[in-house]
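Report on the structure given below.
Residue numbers (my numbering): 2 to 367.
Right, here's the structure in full:
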């Protein structure tokens, strides 16, 4: 596969339990699949893969993680995030079919993750099984004639902390072929969520206290700069009805966002290069100032000692020791880039004025 034509979109769909995000994700996934043939005529294909956290992490494990060890609960989500990001790398580098899926496990590096072995095995097994089932439904995709292929990885989870979403944002930013977009369903009606929860299948119901806790702690997007650029919040206070036009508009937003995200990545790369250059230049400037001050102090010491020719040897020796000690103290203070002396010399920005200041310090002490 020609990697240059493959793009990865990480679409995070978040919201409180019961708001309707899972229903939305399934219908969006189905809409993209149903319209795949029509996309082929446009030489641009959008292929969706749905990653639903509730279907990958066993509910029993989820309860055990929450009740026994919150850090393990967080580790399970971080682990799943690593699987998703490596899935993106895999899709970018391989043809998508049943035979190539066997290579997927080679993309996983779990050595640095602190997670129980049985939980890791369970999550990874469910993750791969979910992908295999979806690829079977898609069949063998004929993408050879496509100019652009957008793999849209739909992530269905609560993502109620900004930090949870930021993990995916940072990962997408580090991959030159990918983009990030967050779609959040927001409701101000707790009763609506609790009522919806009661209509779930018995094995899918959550305790009301869990929903209430998430509802009270939810950190919605648009609070900070990065998320305001690449997120959308939809207000929901009743059962959502989805139409084809709704999905078509979202797909347009995702494609436009991919372009904007790529531009944003280029800007960030340039910013980092400029920071690095400024740091190097700043370090050089600091080194130059310290070096120049050292030369000035040496010259001032030499002048001061040459003017003391009429001192006897003992007085001259004591004087030389004191001057050199004072010179060392001044130089050490200058090397401290946060010291008042260093900042004062930087602000003077004139070697003549700096020499006068150093002469006074050498004469009167520091």
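In this text, a Cβ means the ideal position worked out from N, Cα and C, and glycines have one as well.
* Where residue 234 falls: helix, strand or coil (DSSP) -> Numbered from 1 along the chain shown, position 233 holds the residue referred to as residue 234. Strand.
* Rounded to whole angstroms, what's the CA-CA distance from residue 216 to residue 331? Just pull it up for me. => Here residue 216 corresponds to residue number 215 of the chain shown, with the count starting at 1. Here residue 331 corresponds to residue number 330 of the chain shown, with the count starting at 1. Rounded to whole angstroms, residue 216 to residue 331 spans 59 Å at the Cα level.
* Reduced DSSP secondary structure (H/G/I, E/B, other) of residue 358 -> Working through the chain shown from its first residue, we reach residue 358 at position 357. In this structure, residue 358 counts as helix in the three-state DSSP scheme.
* To do: Return the CA-CA distance between residue 104 and residue 84, expressed in angstroms with no decimal places.
  => Taking the chain shown and counting its residues from 1, the one referred to as residue 104 is at position 103. Taking the chain shown and counting its residues from 1, the one referred to as residue 84 is at position 83. For residue 104 and residue 84, the distance between alpha carbons rounds to 13 Å.
* To do: Use the C-beta contact count for residue 267: other C-beta atoms within 10 angstroms, 16 or more gives buried, fewer gives exposed.
  => In the chain shown, the residue the question calls residue 267 occupies position 266. Residue 267 comes out exposed.
* For residue 212, which of helix, strand or coil comes out of DSSP? -> Locating residue 212 in the chain shown gives position 211, counting from the first residue. Three-state DSSP puts residue 212 in a helix.
* **Same chain, Cβ closer than 7 Å to residue 342, neighbours up to 5 away in sequence not counted** => Position 341 of the chain shown, counted from the first residue, corresponds to residue 342. Listed in chain order, the non-local C-beta contacts of residue 342 below 7 Å within the same chain comprise 334 and 335, local neighbours out to five positions each way being set aside.
* Asked: Roughly how many angstroms separate the alpha carbons of residue 351 and residue 340, rounded to a whole number?
  -> Within the chain shown, numbered from 1, the residue matching residue 351 stands at position 350. Within the chain shown, numbered from 1, the residue matching residue 340 stands at position 339. So the two alpha carbons sit approximately 18 Å from each other.
* Go ahead and label residue 20 buried or exposed: buried means 16 or more other beta carbons lie within 10 angstroms of its beta carbon, across all protein chains shown. => Against the chain shown, residue 20 aligns to sequence position 19. By the 10 Å Cβ count, residue 20 comes out buried.
* Asked: With a Cβ-Cβ cutoff of 8 Å, do residue 419 and residue 166 count as a contact?
  -> The question about residue 419 has no answer here: the residues shown for the chain are numbered 2 through 367.
* Opposite residue 184 in the DSSP bridges: which residues? -> Position 183 of the chain shown, counting from 1, holds the residue named residue 184. In DSSP, residue 184 forms a bridge with 14 and 233.
* Asked: Hey, quick one: how far does the beta strand (DSSP E) through residue 149 stretch, first residue to last?
  -> Locating residue 149 in the chain shown gives position 148, counting from the first residue. Residue 149 -> beta strand (DSSP E) spans 149 to 157.
* For residue 57 versus residue 127, is the C-beta spacing smaller than 8 Å? -> Position 56 of the chain shown, counting from 1, holds the residue named residue 57. Position 126 of the chain shown, counting from 1, holds the residue named residue 127. Yes, the Cβ-Cβ distance between residue 57 and residue 127 is below 8 Å.
* Are there 16 or more other CB atoms within 10 angstroms of the CB of residue 33, so buried, or fewer, so exposed? -> Walking along the chain shown from the start, residue 33 turns up at place 32. Buried.
* Could you check which residue in 326, 74 and 107 has the C-alpha nearest to that of residue 129? => Translated into the one-based positions of the chain shown, residue 129 becomes position 128. That would be 107, whose Cα lies nearest to the Cα of residue 129.
* Could you check the C-alpha separation between residue 255 and residue 135 for me, to the nearest Å? => Position 254 of the chain shown, counting from 1, holds the residue named residue 255. Position 134 of the chain shown, counting from 1, holds the residue named residue 135. Rounded to the nearest angstrom, the two C-alpha atoms are 21 Å apart.
* Endpoints, alpha helix (DSSP H) assigned at residue 317 -> On the chain shown, position 316 is the one that residue 317 refers to. For residue 317, the enclosing alpha helix (DSSP H) starts and ends at 314 to 336.
* In or out: residue 154 buried (at least 16 other Cβ within 10 Å) or exposed? -> As a first step, residue 154 is located in the chain shown; it is residue number 153 there, counting from the start. So residue 154 ends up on the buried side.
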